[in-house]
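Participant: Here it is, the structure in full.
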Amino acid sequence: MTLTEVREVSGQAGDFTVRLLEHPRYVDMDKCIACGECARKCPKKVDDEYNQGLGKRKAIYVKYPQAVPLKYQIDPENCIYLKNRKCGACVQACPAGAIDFNQKPREKTVRVGSMILTPGLKPFDPAGIRTWGYDVFPNVITSLELERYLSVSGPTEGRLARPSDGRPVKRMAFLQCVGSRDLNKAGHGYCSGVCCMYALKEAMIAKDHEPDLDVSIFFVDMRTHGKDFERYYNRAKEAGVKFRRCRVHSLEPAEQNGGVYLRYITDRGKQVGAEYDLVVLSVGLETPPSAAELAGRCKVGLNQNLFAERGGFQPVQAKGRPGMFVSGAFAGPHDIPQSVTEASAAAAAASLPLARVRHSLTREKRFPPERDVRGEEPRVGVFVCHCGNNIAGVIDVEELAAYAAKLPKVAHVERNLFTCSQDTQELLKKTIQEQSLNRIVVAACTPRTHEPLFKETLKASGLNENLLDMANIRNQGSWVHQAEPEKATEKAKDLVRMSVAKVALLTPAPPLTVEVKQSALVVGGGLAGLVSAHGLAEMGYPVHLVELTSRLGGSALHLYQTWRGEPVEGKLDSIIRKVTSHPLITVHLNSKVSGAEGFVGNFLSTIQGPQGETQVEHGVGIMAVGGRAHKPGEYGYGEHRRVFTALEFDKLHTLGDSRVRGGKTFVFIQCVGSREPERPYCSRVCCTHSVQAAIELKEQDPTRKVFILYRDIRTYGQREEVYRRAREAGVVFINYDMHEKPRLRLDNPDMVEVLVWDHVLHEPFRIPTDVLILATAIVPNDLNKELARIYKLPVDADGFLQEAHAKLRPVDFATDGLFLAGLAHYPKPVEETVTQAQAAMARAATVLAKTRIDLDSIKARVIEERCDGCALCVDVCPYHAITLEEVQGEPGRKLVRIEAAKCKGCGCCQATCPKLGVEVAGFTYEQLASQVAAALA
Amino acid sequence: MSQEMIGAVMVVGGGIAGMQAALDLADGGYYVYLVERSGAIGGAMAQLDKTFPTNDCSM
Amino acid sequence: MELLQRYLREGRIQVDPAIHQMAVTYHDPCNYTRKSLKAFGKSYAEEGRWVTRQCAPDLREMYPSHEGNYCCGAGGGAWAMSFHEERVFYGRFKARQIRRTGARLVVTACHNCRDQIKKSLRHEYNLDIEVKYLWELVAESLILPGGAANPRPDKEQAL
Chain A
315 MTLTEVREVS GQAGDFTVRL LEHPRYVDMD KCIACGECAR KCPKKVDDEY
365 NQGLGKRKAI YVKYPQAVPL KYQIDPENCI YLKNRKCGAC VQACPAGAID
415 FNQKPREKTV RVGSMILTPG LKPFDPAGIR TWGYDVFPNV ITSLELERYL
465 SVSGPTEGRL ARPSDGRPVK RMAFLQCVGS RDLNKAGHGY CSGVCCMYAL
515 KEAMIAKDHE PDLDVSIFFV DMRTHGKDFE RYYNRAKEAG VKFRRCRVHS
565 LEPAEQNGGV YLRYITDRGK QVGAEYDLVV LSVGLETPPS AAELAGRCKV
615 GLNQNLFAER GGFQPVQAKG RPGMFVSGAF AGPHDIPQSV TEASAAAAAA
665 SLPLARVRHS LTREKRFPPE RDVRGEEPRV GVFVCHCGNN IAGVIDVEEL
715 AAYAAKLPKV AHVERNLFTC SQDTQELLKK TIQEQSLNRI VVAACTPRTH
765 EPLFKETLKA SGLNENLLDM ANIRNQGSWV HQAEPEKATE KAKDLVRMSV
815 AKVALLTPAP PLTVEVKQSA LVVGGGLAGL VSAHGLAEMG YPVHLVELTS
865 RLGGSALHLY QTWRGEPVEG KLDSIIRKVT SHPLITVHLN SKVSGAEGFV
915 GNFLSTIQGP QGETQVEHGV GIMAVGGRAH KPGEYGYGEH RRVFTALEFD
965 KLHTLGDSRV RGGKTFVFIQ CVGSREPERP YCSRVCCTHS VQAAIELKEQ
1015 DPTRKVFILY RDIRTYGQRE EVYRRAREAG VVFINYDMHE KPRLRLDNPD
1065 MVEVLVWDHV LHEPFRIPTD VLILATAIVP NDLNKELARI YKLPVDADGF
1115 LQEAHAKLRP VDFATDGLFL AGLAHYPKPV EETVTQAQAA MARAATVLAK
1165 TRIDLDSIKA RVIEERCDGC ALCVDVCPYH AITLEEVQGE PGRKLVRIEA
1215 AKCKGCGCCQ ATCPKLGVEV AGFTYEQLAS QVAAALA
Chain B
14 MSQEMIGAVM VVGGGIAGMQ AALDLADGGY YVYLVERSGA IGGAMAQLDK
64 TFPTNDCSM
Chain C
19 MELLQRYLRE GRIQVDPAIH QMAVTYHDPC NYTRKSLKAF GKSYAEEGRW
69 VTRQCAPDLR EMYPSHEGNY CCGAGGGAWA MSFHEERVFY GRFKARQIRR
119 TGARLVVTAC HNCRDQIKKS LRHEYNLDIE VKYLWELVAE SLILPGGAAN
169 PRPDKEQAL
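Residue numbers (my numbering), protein chains in the order written: chain A, 315 to 1251; chain B, 14 to 72; chain C, 19 to 177.
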């Protein structure tokens, strides 16, 4: 329901009555075909909000060409007819008669069981603050404006030019923390969490556009604390992006040529002046006023940063408002993976109380009946995707399309800007029906991104979903052959030719339907495992929970408080009790999974326990096997009695150990074992943890001297508050670099002497300390590799379990039906673990909610005339899907039989068979041979 | 007091979080009202050019 | 400053903008902007400018200005103390800003700032400017009742 807002909410959890106000679009959505004639004729130009005001749109417009729903709307503030009763050009222009100036605002009242608030963010607006000159200098822009400039659908179609005079940009600077970590100018003390990463990304993309570009990033702390983020930071350094640790205080006009001049301090303490063609302000995130109003109407509380109030153990629940949930940027400054995870978690949390009424109001999706194309001549449609300029920037797509049109059996060719967008799916459907196409080639990205989407589109057009082939001209073309565009275009032609040859031979195949067992297996009894097991059980599904040790609780057993200071122990005990007493949960302690087979909806796992083996059937599985603290081999750990890891220190501190109780000087060293060559990732929680510990030490005894030696302080998001409090309490923060790590003298058993280069005084600083605390890395569980082998799961370069897609499927595995949560995915704090566990639960529930699902039909089948029962294929099948059988009525003759449900279509059997006796549907010998022939043509 | 429970959920805000929540809920068997203030869903993410790490177009 | 504004608005005093026709720039003293904002919650940047504009319409802005402006360098007692070289060194930002505007007259409301700019920065950085206090600018622009010519003091005053 677009152009709609919430006006009033009444009722309570389970039964809310919501009064909505739908603003008039002035365009009839049933009639509008989005042809754009109205916008062409409209005389009124308005600043385009989508392009951050950099371009113009008309008073009748669509937000952007790929908008969903793709229907035009009239802006009542700017429409000449609506304001003055003059004009009406759009009415004349519209071929569908869709303009309706008589539309009025409409009220609608609906009843719902729960509400999830995700009204999103607004980028911080630096206008009016005279130190950055944002509205004064044309060459000072915000990061979101840069996104629009870099984008092919933006105001300059992806060309990077100086806004003042259109000259090319040779030198560019990013200023970090604009509108964040700044109470003085911006009124926001929190860290927006995403800007360091997006600045890196924008810098790298800008360098892609302009290889000689000189880019500098001026930062305070580089916060690349997410999965694979640190690696990206290293890559940026290697690519030549310059990093300057300095918060630039103001920008001035350059002497000549209209650039921007700034001054910064080098790490030697010298002041240097520099000129840039373009300065990008990395603006932070804030809550838009409309969201704050929405919160008021829903009686959801906001904290002092205007983000929704929530508690650490119920991170998606709006505090004090049962039935209302929050996620995304409204809940805090979150990036995309965090927002998507929270959204799934909110879905789980919102649906949990409504478990009784699942399926009460939903309908099944119906597809048109499938056209039987078996008798028809192949009519191939080729759709060449520009992918913005991901493909079109390197490959000559026009030449490619012209070439494709001449290939045999091709009946239709067209080019699309984004073949995957919703509006193009409608176009595909229409074209397939109008042109009677019965085979489709999409020349675009890898099937791994959008094959399911295109298959769905084929189904919706009445074609069998297997009549599709994708020619990967992006990952295998434009992305890897950027330096040789002509050759890349030739290769794309080859790929398309091969695809066309193959697709003509594809035959329709019905999907395989299997039932979904209505139960779940959760591996790992830590916080993530407990939360997801409990949630699924509350939804009504029986759960088996497998835990290696003799206790439930995992790493959370060693934690005392969340970053907000909420105590962990009580909450952990409470959830352990709920799990152990739940009638639907079977807990297996001292057990581990020793084997598994099956596929989504039908897994069979073997649990090895103290009393022997148990076999469990389950529909879905959640991997929550956790991680552990690294035991370092440096800084005197294990040698000196006053050197501890952070968790050890917590325990000694709480128990009042004399070394801590009587200590007057404390030194924390951050990043021990993290962000090193053998472990190039950030452990995310250690900065916040150390800072909290430091504050406590100071509060107990303000005369104590507490030092934190850090590389970057990563108290991201609203945790920045903790860093500020620590500084106010008098904790001293000293920055050290990788090439000059702190050195120790350990000869005195009652004292550790720490020698570090102080970055402010520019001289070495000697700290004789009573206690040295090492913030050590979180490392993946040693069992990950074994578990990965058992369930055939991918593991990333650092040993953590790998999700299907970092941003859009952060808790799914590529293998359907299996999900992950917690430290096994990546180091994270308590509230993020709970969120991820809830998200995994939500995603698992989407599988369990269907009692039957369709599997794809890319399966192997036996060609009985050729198979002679040699059984070589039986051994090579990694899924144990093939068995050897005697043929009834023909003594001595054996054939192999393939269990289609277990088969994954990997093709090992086909590759092994010496008799051409088994082939995979969609990759038959004939089809593959035609591709090879086409390639060599 | 027996309370009637409605098998529907309202998601207010059609950005990436709202869309994901709506999809998960619908797949889970609940009717979803996705309410969006502006004329199209997509939110702030639709304005981004490419997303880390795969450099996929954010669309 | 507010008083001057009020008098001018009410017409109790009148000024002739033709007397000061050169390019002028206004220097925001730290005390009137940042210090005042911190202590009283209000910054007095616009008031001084408004008064200046009434007397000298060709007002050029330095960049940054208002609460973000650069300090003249002589605050906190630095004018009176022995740190001559440091004071001049710190004032180089202000000197550069002034030169960039191309203004021939600098107006400011703080005695310390005016002294630093007029007596120190002007010489050390060879700035071709006149420096006036805000009240001085108003006084020299006054239209005296009775049409008598406003006696303007000699440009080169004794320091």
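For glycine and all other residues, C-beta sits at the position ideal for the given N, C-alpha and C.
Tell me HIS764 of chain A's beta-bridge partners as DSSP assigns them.
Facilitator: Note: HIS764 of chain A sits in no beta bridge, so no partner.
Participant: Is the beta carbon of LEU334 of chain A less than 7 Å from the beta carbon of LYS422 of chain A?
Facilitator: Result yes, Cβ atoms of LEU334 of chain A and LYS422 of chain A sit closer than 7 Å.
Participant: For GLY55 of chain B, which of helix, strand or coil comes out of DSSP?
Facilitator: GLY55 of chain B: coil per DSSP, three-state reduction.
Participant: Going by C-alpha distance, which of A:ALA1120, A:ALA1214, A:ALA348, A:VAL1148 is nearest THR876 of chain A?
Facilitator: Closest option to THR876 of chain A, Cα to Cα, is A:VAL1148.
Participant: The alpha helix (DSSP H) that contains ALA1251 of chain A, what's its start and end?
Facilitator: Premise fails: ALA1251 of chain A is in no alpha helix (DSSP H) and is neither H nor E.
Participant: In whole angstroms, what separates the C-alpha of CYS1252 of chain A from that of ASP542 of chain A?
Facilitator: Outside the modelled stretch of chain A, which goes from 315 to 1251, sits residue 1252 of chain A, for which no answer is possible.
Participant: Please list the partners that GLU319 of chain A has in chain B, where partner means a Cβ-to-Cβ separation under 8 Å.
Facilitator: Under the 8 Å cutoff, chain B gives VAL48, ARG50.
Participant: Can you tell me whether THR445 of chain A is helix, strand or coil according to DSSP?
Facilitator: Coil at THR445 of chain A, not helix or strand.
Participant: Taking DSSP as the reference, what is the three-state secondary structure of PRO567 of chain A?
Facilitator: Looking at PRO567 of chain A - three-state DSSP - the assignment turns out to be strand.
Participant: Would HIS944 of chain A and VAL1093 of chain A qualify as a contact pair, given that the criterion is a beta-carbon distance under 7 Å?
Facilitator: Contact flag set, yes.
Participant: Please return the same chain residues whose Cβ sits closer than 7 Å to the Cβ of GLU544 of chain A, not counting the five positions on each side in sequence.
Facilitator: Excluding sequence neighbours, GLU544 of chain A sits near THR538, ARG989, PRO994, TYR995, CYS996.
Participant: Grab the span of the alpha helix (DSSP H) containing LEU1101 of chain A for me, first residue to last.
Facilitator: First-last of the alpha helix (DSSP H) with LEU1101 of chain A: 1098-1105.
Participant: Applying the criterion that 16 or more other CB atoms from any shown protein chain within 10 Å of the CB defines a buried residue, is MET14 of chain B buried or exposed?
Facilitator: Low local confidence applies: a pLDDT of 39 at MET14 of chain B is under 50, so the model's placement there is unreliable, and no value is given.
Participant: Given SER735 of chain A, which residues of its chain have a CB within under 6 Å of its CB, disregarding the five upstream and five downstream residues?
Facilitator: Excluding residues within five positions, the ones whose Cβ falls inside 6 Å are GLN380.
Participant: When the distance is taken between beta carbons, is THR803 of chain A closer than 7 Å to ILE298 of chain A?
Facilitator: The structure shown has nothing for residue 298 of chain A, since chain A only spans 315 to 1251.
Participant: If you follow the beta strand (DSSP E) that MET23 of chain B is part of, which residue opens it and which one closes it?
Facilitator: Counting along the chain, the beta strand (DSSP E) containing MET23 of chain B begins and ends at 21-25.
Participant: Sort out for me which residues DSSP pairs HIS84 of chain C with in a bridge.
Facilitator: Looking at the DSSP assignment, HIS84 of chain C forms no beta bridge with any residue, so it has no partner.
Participant: Show which residues of chain A have a CB atom less than 8 Å away from the CB atom of PRO178 of chain C.
Facilitator: As shown, chain C starts at 19 and ends at 177. That puts residue 178 of chain C outside it, with no answer to give.
Participant: Beta-carbon separation of ILE531 of chain A and PHE557 of chain A under 7 Å?
Facilitator: Result yes, Cβ atoms of ILE531 of chain A and PHE557 of chain A sit closer than 7 Å.
Participant: Alpha carbon to alpha carbon, how far is GLY27 of chain B from LYS53 of chain C?
Facilitator: The alpha-carbon atoms of GLY27 of chain B and LYS53 of chain C are separated by roughly 44 Å.
Participant: What in chain B is Cβ-close to ASP329 of chain A, meaning under 9 Å?
Facilitator: Here the neighbours are GLN16, GLU17, MET18, ILE19.
Participant: Using only the alpha-carbon positions, how far apart do TYR1030 of chain A and ILE374 of chain A sit?
Facilitator: Near 41 Å, if we compare the C-alpha coordinates of ILE374 of chain A and TYR1030 of chain A.
Participant: Under 7 Å, Cβ to Cβ, is there at least one residue of chain B near HIS673 of chain A?
Facilitator: Cβ-Cβ to chain B under 7 Å: yes for HIS673 of chain A.
Participant: Identify which residue in A:PRO651, A:GLN652, A:ASP649, A:GLU656 has its Cα closest to the Cα of ALA632 of chain A.
Facilitator: Closest by alpha carbon: A:GLU656.
Participant: On the premise that GLY791 of chain A lies in contact with LYS805 of chain A, defined as a C-beta separation below 8 Å, what is that separation, rounded to the nearest angstrom?
Facilitator: That pair is a contact at about 6 Å.
Participant: Whose Cβ in chain C lies nearer than 8 Å to the Cβ of VAL450 of chain A?
Facilitator: Within 8 Å Cβ-Cβ: TYR81.
Participant: Do LEU1198 of chain A and VAL1190 of chain A count as a contact pair if the criterion is CB distance below 7 Å?
Facilitator: Their beta carbons are not under 7 Å apart, which means VAL1190 of chain A does not touch LEU1198 of chain A by this criterion.
Participant: Look at the Cβ atom of LEU782 of chain A, then the Cβ atom of PHE768 of chain A, and state whether they are nearer than 7 Å.
Facilitator: Yes; because the gap between Cβ atoms is below 7 Å, this pair is in contact.
Participant: Secondary structure at TYR717 of chain A, three-state DSSP: helix, strand or coil?
Facilitator: Residue state, collapsed to three classes: helix.
Participant: Could you please give the first and the last residue of the uninterrupted beta strand (DSSP E) stretch that includes LEU835 of chain A?
Facilitator: Note, LEU835 of chain A: beta strand (DSSP E), 834-837.
Participant: According to the neighbour-count rule (16 or more other Cβ atoms, all chains shown, within 10 Å of its Cβ), is LEU177 of chain C buried or exposed?
Facilitator: Note that LEU177 of chain C scores 39 on pLDDT, short of 50, meaning its location in the model is unreliable; the coordinates nonetheless yield the value given after this. Burial call: exposed.
Participant: Return yes when the Cβ of ALA441 of chain A is within less than 7 Å of the Cβ of VAL341 of chain A, no when it is not.
Facilitator: It is not a contact, given that the beta carbons lie outside the stated cut-off.
Participant: Please list the terminal residues of the continuous alpha helix (DSSP H) segment that includes HIS858 of chain A.
Facilitator: Per DSSP, HIS858 of chain A belongs to no alpha helix (DSSP H); it is in the beta strand (DSSP E), 857-860.
Participant: Taking VAL1085 of chain A as the reference, give the member of A:GLU1035, A:THR959, A:ALA1091 with the closest Cα.
Facilitator: That would be A:THR959, whose Cα lies nearest to the Cα of VAL1085 of chain A.
Participant: Just grab the DSSP bridge partners of THR318 of chain A for me.
Facilitator: Paired residue(s): A:GLU336.
Participant: Check this for me: beta carbons of PHE488 of chain A and SER596 of chain A, under 7 Å apart or not?
Facilitator: The answer is yes: Cβ separation under 7 Å.
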